[in-house]
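For the protein sequence lines, the chains are A and B, in the order given.
Take the first sequence: its letters are residues 0 to 327, numbered as in numbering that gives the first Met the number 0.
Take the second sequence: its letters are residues 0 to 327, numbered as in numbering that gives the first Met the number 0.
We put the beta carbon where it would ideally sit given N, CA and C, even for glycine.
2 protein chains.
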Amino acid sequence: MTVGIRDVARAAGVSTATVSRALGRGPVSDAVREQVEAAVRATGYRPNLSARRLRSKSAQTIGLIVADIRNPFFTAVSRAVEDAAYAAGMRVILCNTDEDPAREALYLRLMEEERVTGVIFAPTKATADALTSESLGFPTVFIDRSGLPGAHDSVVLDNVAAAAALVDHLAAQGFSRIGGLFGSTSSTARERQAGYEAAMSRHRLAPLVRSVAPNAAAAEAEATRWLGQSDRPEALILSNGLILMGAVRAARARGLAVPQDLALAGFDNEPWTDLVEPGLTVIEQPVAEIGAQAMRLLFERIESPDQPVRKVVLSGRAVLRGSTRRQA
Amino acid sequence: MTVGIRDVARAAGVSTATVSRALGRGPVSDAVREQVEAAVRATGYRPNLSARRLRSKSAQTIGLIVADIRNPFFTAVSRAVEDAAYAAGMRVILCNTDEDPAREALYLRLMEEERVTGVIFAPTKATADALTSESLGFPTVFIDRSGLPGAHDSVVLDNVAAAAALVDHLAAQGFSRIGGLFGSTSSTARERQAGYEAAMSRHRLAPLVRSVAPNAAAAEAEATRWLGQSDRPEALILSNGLILMGAVRAARARGLAVPQDLALAGFDNEPWTDLVEPGLTVIEQPVAEIGAQAMRLLFERIESPDQPVRKVVLSGRAVLRGSTRRQA
DNA sequence: AGAACTTGTGAAAACGTTTTCATTCGGCAC
DNA sequence: GTGCCGAATGAAAACGTTTTCACAAGTTCT
Numbered sequence: 000m001t002v003g004i005r006d007v008a009r010a011a012g013v014s015t016a017t018v019s020r021a022l023g024r025g026p027v028s029d030a031v032r033e034q035v036e037a038a039v040r041a042t043g044y045r046p047n048l049s050a051r052r053l054r055s056k057s058a059q060t061i062g063l064i065v066a067d068i069r070n071p072f073f074t075a076v077s078r079a080v081e082d083a084a085y086a087a088g089m090r091v092i093l094c095n096t097d098e099d100p101a102r103e104a105l106y107l108r109l110m111e112e113e114r115v116t117g118v119i120f121a122p123t124k125a126t127a128d129a130l131t132s133e134s135l136g137f138p139t140v141f142i143d144r145s146g147l148p149g150a151h152d153s154v155v156l157d158n159v160a161a162a163a164a165l166v167d168h169l170a171a172q173g174f175s176r177i178g179g180l181f182g183s184t185s186s187t188a189r190e191r192q193a194g195y196e197a198a199m200s201r202h203r204l205a206p207l208v209r210s211v212a213p214n215a216a217a218a219e220a221e222a223t224r225w226l227g228q229s230d231r232p233e234a235l236i237l238s239n240g241l242i243l244m245g246a247v248r249a250a251r252a253r254g255l256a257v258p259q260d261l262a263l264a265g266f267d268n269e270p271w272t273d274l275v276e277p278g279l280t281v282i283e284q285p286v287a288e289i290g291a292q293a294m295r296l297l298f299e300r301i302e303s304p305d306q307p308v309r310k311v312v313l314s315g316r317a318v319l320r321g322s323t324r325r326q327a
Numbered sequence: 000m001t002v003g004i005r006d007v008a009r010a011a012g013v014s015t016a017t018v019s020r021a022l023g024r025g026p027v028s029d030a031v032r033e034q035v036e037a038a039v040r041a042t043g044y045r046p047n048l049s050a051r052r053l054r055s056k057s058a059q060t061i062g063l064i065v066a067d068i069r070n071p072f073f074t075a076v077s078r079a080v081e082d083a084a085y086a087a088g089m090r091v092i093l094c095n096t097d098e099d100p101a102r103e104a105l106y107l108r109l110m111e112e113e114r115v116t117g118v119i120f121a122p123t124k125a126t127a128d129a130l131t132s133e134s135l136g137f138p139t140v141f142i143d144r145s146g147l148p149g150a151h152d153s154v155v156l157d158n159v160a161a162a163a164a165l166v167d168h169l170a171a172q173g174f175s176r177i178g179g180l181f182g183s184t185s186s187t188a189r190e191r192q193a194g195y196e197a198a199m200s201r202h203r204l205a206p207l208v209r210s211v212a213p214n215a216a217a218a219e220a221e222a223t224r225w226l227g228q229s230d231r232p233e234a235l236i237l238s239n240g241l242i243l244m245g246a247v248r249a250a251r252a253r254g255l256a257v258p259q260d261l262a263l264a265g266f267d268n269e270p271w272t273d274l275v276e277p278g279l280t281v282i283e284q285p286v287a288e289i290g291a292q293a294m295r296l297l298f299e300r301i302e303s304p305d306q307p308v309r310k311v312v313l314s315g316r317a318v319l320r321g322s323t324r325r326q327a
């Protein structure tokens with residue numbers, strides 16, 4: 000029924016070993032290689048990847064486990080990862096955990112069962128803190144978020160500096176009641192919060208912090224509540240694009256004008272952030288660079304498993320727009 | 000080194016066949032099942048999926064090939080597909096073609112080599128038109144787009160009706176120079192164009208049509224050019240969310256106020272469309288339903304391969320916002 | 001000229017499972 | 001008691017490749 004390598008071998012008049020060598024890399028005479036290629040075309044042969052992986056003990060596959068596929072940050076990163084992987088002749092399995100530790104465990108087990116070559120992973124804080132360098136059976140690079148120091152390679156943003164830059168900018172514009180709404184599940188949100196708090200104290204300002212599940216709906220609910228208080232902040236820093244969107248909705252719901260009644264500054268320069276008037280001030284992350292660096296670290300880790308753990312820290316770029324402009 | 004089923008068998012004091020049966024479904028005594036489960040825990044055994052797939056000739060995997068992962072429509076659909084797949088104990092391979100027929104061919108070949116159980120596919124028009132019912136070696140459901148009539152199961156929007164609804168609405172608001180900017184690569188865009196043209200002629204209006212690659216940058220460039228003309232349209236219909244975004248940017252670039260100088264109506268009720276003032280009128284697609292129906296069709300096709308080809312047509316919902324409101 | 005490599009090839013083993021086939025054992029019908 | 005059936009199990013085959021091993025035929029080195 001289905002055509003296998005022995006059918007190709009018979010058609011080409013050689014052994015299966017020779018077909019295998021002709022298709023992969025191996026010493027084969029040019030004449031035989033052509034015969035084999037002709038036989039492959041004639042028979043419509045498609046190698047069975049399961050058999051290939053089983054025998055060769057090499058899946059040529061990398062797993063990409065992201066926290067939220069709806070977050071454009073992760074789709075952008077995943078495109079960079081995919082490009083690099085396919086350029087290297089590898090396949091990618093993309094998984095979405097929805098920030099749920101149970102799903103993270105599920106997918107990590109799946110990666111083991113697939114015997115993947117390596118994994119790029121954006122873990123929740125809970126999972127990251129539980130994962131020592133030995134607990135994963137494959138080379139792993141953390142992305143966007145880091146875990147126990149020295150446990151895994153990682154590529155992250157300089158979150159402390161980026162958050163501080165937003166505070167500095169808002170303070171320079173004359174805002175003082177600057178609140179921060181941060182995601183509750185990631186190390187990244189914690190770092191942004193730390194950067195925010197350090198900068199606030201440097202400016203001798205009292206920090207106003209709230210935590211929320213990192214999605215637009217939860218952020219909108221929390222921000223709406225907050226903005227309904229009489230002592231509501233006059234500026235808000237939001238720790239990612241989804242939370243930023245929630246805050247914009249909350250401001251609308253409360254009838255607050257931006258930036259007159261409320262200044263907004265967030266993370267992730269998503270395509271819509273310059274579309275909503277008066278434009279949202281954000282930290283732009285080098286998404287393509289993050290994906291590419293993660294693949295580089297992963298390949299180098301696969302190459303030399305025992306090299307010291309590395310952490311690549313990239314800088315964000317502040318994109319200043321109308322949402323943080325102090326009105327006369 | 001790595002622990003295999005024979006290690007588990009030895010630890011449990013049974014044969015590998017029994018372990019296999021205890022782990023899958025098969026007649027095993029309760030006592031033995033418990034022994035095996037204990038042995039699995041003790042050894043940390045992880046089944047090798049490649050070996051399992053090779054021997055059982057069942058990948059329990061469905062391929063999901065989308066045209067553009069940046070398009071939130073596809074990420075929303077893919078979440079629905081994933082949920083349904085994992086609920087059925089299947090894995091998903093997600094691939095992104097960037098509307099490129101070459102990448103489509105690449106991924107279709109990959110699906111063959113993976114021996115996937117089935118595929119859900121949003122093809123470009125070029126590929127869809129070239130694919131007869133025999134050309135794919137696995138059950139396939141087209142999604143968002145359809146190909147040759149009767150060749151493959153599909154689940155699509157009623158694009159003609161949806162586009163006509165937008166025209167009707169704009170005409171009712173008193174607009175008459177209504178232009179349409181449609182994607183160039185999909186059958187869906189063609190259908191929306193056809194619906195637009197039919198409705199225009201019903202209203203005795205002259206159609207104004209342009210085509211463009213379905214991404215925000217290309218759409219912005221084309222729309223900017225168009226809107227610079229002296230006989231520019233006073234309303235625009237955009238055939239998907241990315242093109243809609245490009246049009247919004249173009250209006251900004253030309254300094255045109257929406258809807259005073261230019262009305263906008265598009266497809267895909269993306270999260271940002273109600274954020275940009277005065278809110279964008281769109282057709283909302285039942286994304287979760289599309290994904291769920293696609294999986295249903297796929298499972299039923301796998302079940303009974305020879306049943307007649309089916310096409311599920313779902314209706315969009317018009318979400319009317321400020322961008323199409325006629326000013327006094 | 002002979003030894004020592006290199007290159008190209010085929011036969012057969014190996015990869016880690018599931019499945020087939022055969023066997024044993026206990027219970028049930030006659 | 002004998003025969004039959006179903007359930008539980010093990011031995012071994014099978015899945016479709018790649019890799020190892022062996023070998024023949026050049027080719028290069030001494």
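Cβ distance (whole Å) where residue i is taken to contact residue j below 8 Å
| i | j | result |
| --- | --- | --- |
| A/G267 | A/Q284 | Just to set this straight, residue 267 of chain A is Asp in the shown sequence, not Gly. So it is a contact: roughly 6 Å between Cβ atoms. |
| B/V211 | B/G173 | Their Cβ separation, rounded to whole angstroms, is 27 Å, which puts B/V211 and B/G173 out of contact at 8 Å. |
| A/P258 | A/R203 | That pair is no contact at about 22 Å. |
| B/I289 | B/V39 | Actually they are not in contact, since the Cβ atoms of B/I289 and B/V39 sit about 39 Å apart, beyond 8 Å. |
| B/V154 | B/L313 | 7 Å |
| A/P213 | A/L169 | That pair is no contact at about 22 Å. |
Rounded straight-line distance, which links the Cα of residue j to that of residue i
| i | j | result |
| --- | --- | --- |
| A/S49 | B/R20 | 21 Å |
| B/G315 | B/L156 | 7 Å |
| A/V35 | A/G25 | 13 Å |
| B/L93 | A/I177 | 41 Å |
| A/A246 | A/E269 | 15 Å |
| A/A256 | A/A262 | 9 Å |
| B/A16 | B/D29 | 16 Å |
| B/L22 | A/E196 | 52 Å |
| B/L130 | B/G146 | 7 Å |
| A/V118 | B/S55 | 26 Å |
| B/A215 | A/T60 | 31 Å |
| B/M89 | A/G62 | 16 Å |
| B/D304 | B/R295 | This sequence places Pro at residue 304 of chain B; Asp is not what is there. Cα-Cα distance, rounded: 13 Å. |
| A/K310 | A/S134 | 19 Å |
| A/R201 | A/A171 | 13 Å |
| B/W271 | A/V275 | 8 Å |
| B/R78 | B/I64 | 13 Å |
| A/A83 | A/G43 | 29 Å |
Pair within 8 Å by beta-carbon distance, residue i and residue j
| i | j | result |
| --- | --- | --- |
| A/V13 | A/V31 | yes |
| B/I236 | B/G278 | no |
| B/N70 | A/E112 | no |
| B/F137 | B/M110 | yes |
| B/R253 | B/L226 | yes |
| B/T123 | B/T184 | yes |
| A/A121 | A/S132 | no |
| B/A198 | B/A161 | no |
| B/R114 | B/A58 | yes |
| A/T126 | A/P148 | no |
| B/V308 | B/D128 | no |
| B/E221 | B/L165 | no |
| B/R231 | B/T280 | no |
Nearest to residue i (by Cα), restricted to the options the options
| i | options | result |
| --- | --- | --- |
| A/T223 | A/A205, A/M244, A/G240 | A/M244 |
| A/E103 | A/P138, A/G227, A/G290, A/D67 | A/D67 |
| A/P206 | A/A127, A/R191, A/A218, A/A217 | A/R191 |
| B/S238 | B/L53, B/L105, B/E299, B/D143 | B/D143 |
| A/S229 | A/V318, A/D260, A/V281, A/E33 | A/D260 |
| B/E81 | A/Y106, A/A86, A/R78 | A/Y106 |
| B/F141 | B/V318, B/G321, B/L319, B/L297 | B/L297 |
| B/V318 | B/R300, B/I282, B/A287 | B/I282 |
| A/R51 | A/A11, A/T96, A/I4 | A/I4 |
| A/A37 | A/V27, A/R45, A/L53, A/A11 | A/A11 |
Practice task
Ignoring anything shorter than 3 residues or poking outside the stretch 228-301 of chain B, list the beta strand (DSSP E) runs there in chain order.
Solution key: 234-237, 262-266, 280-283
Practice task
Just list the alpha helix (DSSP H) runs in the stretch 45-85 of chain A, keeping only unbroken ones of 4 residues or longer that don't cross its boundaries, in chain order.
Solution key: 48-55
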